Every structure is written in C-alpha cells, then in structure tokens.
Amino acid sequence: MKTESLEQRFQDRIDREERIEPKDWMPEKYRKTLIRQISQHAHSEIVGMLPEGNWITRAPSLRRKAALLAKVQDEAGHGLYLYAAAETLGISRDEMIEQLHDGTAKYSNIFNYPTLTWADMGTIGWLVDGAAIMNQVPLCRCSYGPYARAMVRVCKEESFHQRQGFEILLTLSRGNREQREMLQESVNRWWWPSMMMFGPNDADSPHSQQSMAWKIKRFSNDELRQKFVDVCVEQAKILNVTIPDRDLKWNEERGHYDFGKIDWDEFWRVVKGDGPCNRQRLKARIDAHENGAWVRDAAMAFAKKQSERKQAQKIAS
Ligand code: BYC
6 MKTESLEQRF QDRIDREERI EPKDWMPEKY RKTLIRQISQ HAHSEIVGML
56 PEGNWITRAP SLRRKAALLA KVQDEAGHGL YLYAAAETLG ISRDEMIEQL
106 HDGTAKYSNI FNYPTLTWAD MGTIGWLVDG AAIMNQVPLC RCSYGPYARA
156 MVRVCKEESF HQRQGFEILL TLSRGNREQR EMLQESVNRW WWPSMMMFGP
206 NDADSPHSQQ SMAWKIKRFS NDELRQKFVD VCVEQAKILN VTIPDRDLKW
256 NEERGHYDFG KIDWDEFWRV VKGDGPCNRQ RLKARIDAHE NGAWVRDAAM
306 AFAKKQSERK QAQKIAS
C-alpha cells in the first residue's frame, strides 16, 4: 500500500514535468531502465569512435583530419558524461564496462558496419549523427536530471558533427564522377542501418510504453524515424543523391513520406552479435581496456600516495 502511494506520487511529479534527481525516491524499474538506456548510450559513443578512427590517418587533407580527430574526441567526451550520469544511479563504471565486454549490454546496431571509403565519414555525419540528433534532442527534456543535462551539451556537439559530415558529402557531390559515385555507394550502404537506429517498430518495442509514461522517451521509435525520413529526403536533393528505397514517396494525406519495409531480421542479427564487425569492435574495446590497465593502476597508486601524504601532513600539523 505504502509503495503504491510512493509510486503514485512519483508519477505525479513526472506528470508535473518535475525533474527527478539522484537522491530522490524512484521505482526500482525506473532506475534499471535508465541504467540500461544510459549505459548502452555511453557504450555506443565509445564503440562509435572505432569506425571513424579507422579514417583519421587517411583523411584527405590536414583540415579534414583535424575536424575528424576533434569529432572522435567529442565522442569520447560524450561517453564519459553518459557513464557519469549512469553512475548517479548506483552502478559503477567497472560494472558497465564489464557488461559491454561480456556482451550483456547492447550498443547501437550502426557501429557494427565497416567504414570502407572516405565518403563513409560524410555519410556517418549526415545520416548517423542526423538520426542520433533526432533521437537525442527530445532526451534533453528527459525526466531524469543528470541524463537530460548531459544531453544538452551532447546535442550541441552532435549538430556540429552532422554539419561537418554533410559538408564532406556536399564537396563530393560537386566533385568528379568517381567522387559522386563514392557518395552514392556510401549512402546505399548506410541508409537502412541508419533507419534501424531508432529501434523496433512501436508494436514490437517492449520498453516504449513505460518509458514514455515516465517521460524518459518523449516520442516513439516510429515517430522519430518518420521525422528523420522527412528531413533526409529534402537534404538528399541538395546532395543530388538517391535514397535507396523504391517505396519512398510523398503521401499527401499523411503529410509525410511513405517508405519501404525495414529488414528486421538483419537488425536483430546485428544487435545479437552477428553483424559484419561485431567481433572486431568488441575485440578492439577489450584490447584497449587490457592495454590501458597500467594507466589505471598508475593513477590509483598516485591517488593513494597523494591521500597518504595529505593524511601525514594533517597528523604533523
Ligand atoms: N541498436 O523497446 P526498445 C551516437 C534494443 S550513439 C541496438 O525500443 P528502448 C553516435 C533495445 O536496447 C547512438 N539495440 O528499447 C556515436 C532493447 O534491448 P534491451 C546511440 C537496440 O530503449 C558516435 C530492444 O532493442 N543512441 O549517436 O525503449 C558517433 C527493444 O527496443 C537499438 C542512444 O543510445 C539499436 N539501434 O528504445 C556517431 C540513444 N534499438 O535493452 C553517433 C538513447 C533498440 O532490452 N537510447 N535496441 O536488451 C534510446 O533512445 C533508446 O534506448 C532506443 C531504444 C530508442 C535506442
């Protein structure tokens, strides 16, 4: 009875658009849902550095290299804000990393595809960051304070990322035939995986209903996917590129573009670990973690020494 009224009071706070903060009472399921979503989001940022990292040494100019390097560093920063936001819910960074490495935590499907050409750096910015912004801007109004605040800065940086990607593609679209073909081929490979980033259709999304009631999610997976399609069709015209979907057409009645069927078998295969690069991505993360063990050990030893020195000074004075 007591729990029921606590839950009701919690829901009333959400309905009044009050922010929930780390020390406030919250249902266990709310805490778990947020840990799941925020940690998976953090993992996506960290794993998401790998496909682009592949092109830093091969960027076609110093200017392109500097921008790409800065973008990948931003992604590391996003991962760190998000891990810190998840830690406020009572899970440690070590536990989250372990869940990524042993495969119990997911990360975005999109980062299990290879980056085969320079055009992929542009397409990731345009479509992948574009999809990410569509999903993340509403998260700035998420009911959980630390997550919402982290998202404000993430979104500002993501919008720069999206523009730098679009500008790479715009340059290719004004280039020679080979460059224009490279652009089209890249968009052909990334379009459908980007559409999958929004998650399963609403009818097949087990978490959506509760997450919307708790105002963690403000729009459903399908609503965001539709907004993404509507925006991209117009941008594709500027790039003079064809979106690889024969069923894409304006629906006057709905006031939106209709689009073709998504291959959900492919989505689940990739999410469950059997995409083109899943093994390579996880191996790279695990290797980096193991190779960095000495840095963590040294930092811990230094912190211990500092605190012992402070303690000794206190006793002496
Ligand atoms: N990939 O009930 P649903 C970035 C899973 S990083 C893999 O709809 P929910 C960037 C889902 O986790 C972009 N798995 O779930 C970085 C669930 O499985 P579990 C990352 C997916 O949570 C570097 C199951 O399917 N963005 O921007 O209500 C460079 C059922 O789904 C995916 C975020 O993480 C997927 N795409 O809704 C460039 C944003 N979709 O957990 C760019 C924050 C679904 O029960 N997250 N699943 O095992 C969200 O907004 C929501 O978690 C989602 C899914 C919309 C993704």
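Its first residue numbered 6, the sequence shown is counted upward by one per residue in this note's numbering. The beta carbon of each residue, even a glycine, is placed where N, CA and C say it ideally should be. These figures come from a predicted structure and were not determined experimentally.
- Between Ile43 and Leu87, the gap from beta carbon to beta carbon is short of 8 Å.
- Around Asn226, the same chain offers Phe203, Gly204, Pro205, Asn206, Asp207, Ser210 and Ser213 as residues with beta carbons nearer than 8 Å, after the five sequence neighbours per side are excluded.
- Residue burial annotation: Phe307 is exposed, with fewer than 16 other C-beta atoms found within 10 angstroms of its C-beta.
- Relative to the ligand BYC, the beta carbon of Gln42 is positioned inside 7 Å of a heavy atom.
- Here Asn256 is bridged, per DSSP, to His261.
- The C-beta separation of Val52 from Tyr112 comes to about 5 Å, placing the pair in contact by the 8 Å criterion.
- Of Lys315, Lys319 and Lys288, the smallest CA-CA separation from Leu105 is found for Lys288.
- Residue environment: Thr120 is assigned as buried (16 or more neighbouring CB atoms within 10 Å of its CB, all protein chains considered).
- Distances taken from the Cβ of His212 to the heavy atoms of the ligand BYC include one shorter than 7 Å.
- Residue range Ala298 to Ala321 is occupied by the alpha helix (DSSP H) that includes Ala306.
- As computed with DSSP, Tyr149 is found in a beta bridge with Ile25.
- Straight-line measurement puts the Cα of Phe224 at about 20 Å from the Cα of Trp197.
- Excluding its 5 nearest sequence neighbours in each direction, Met139 has C-beta neighbours in its own chain below 7 Å: Leu229, Lys232 and Phe233, listed in chain order.
- The DSSP-derived three-state label of Tyr112 is coil.
- In this structure, DSSP gives Ala155 a helical state, which the three-state scheme calls helix.
- For the options Asp125, Asn296 and Ile25, the alpha carbon positioned closest to that of Glu190 is the one of Asp125.
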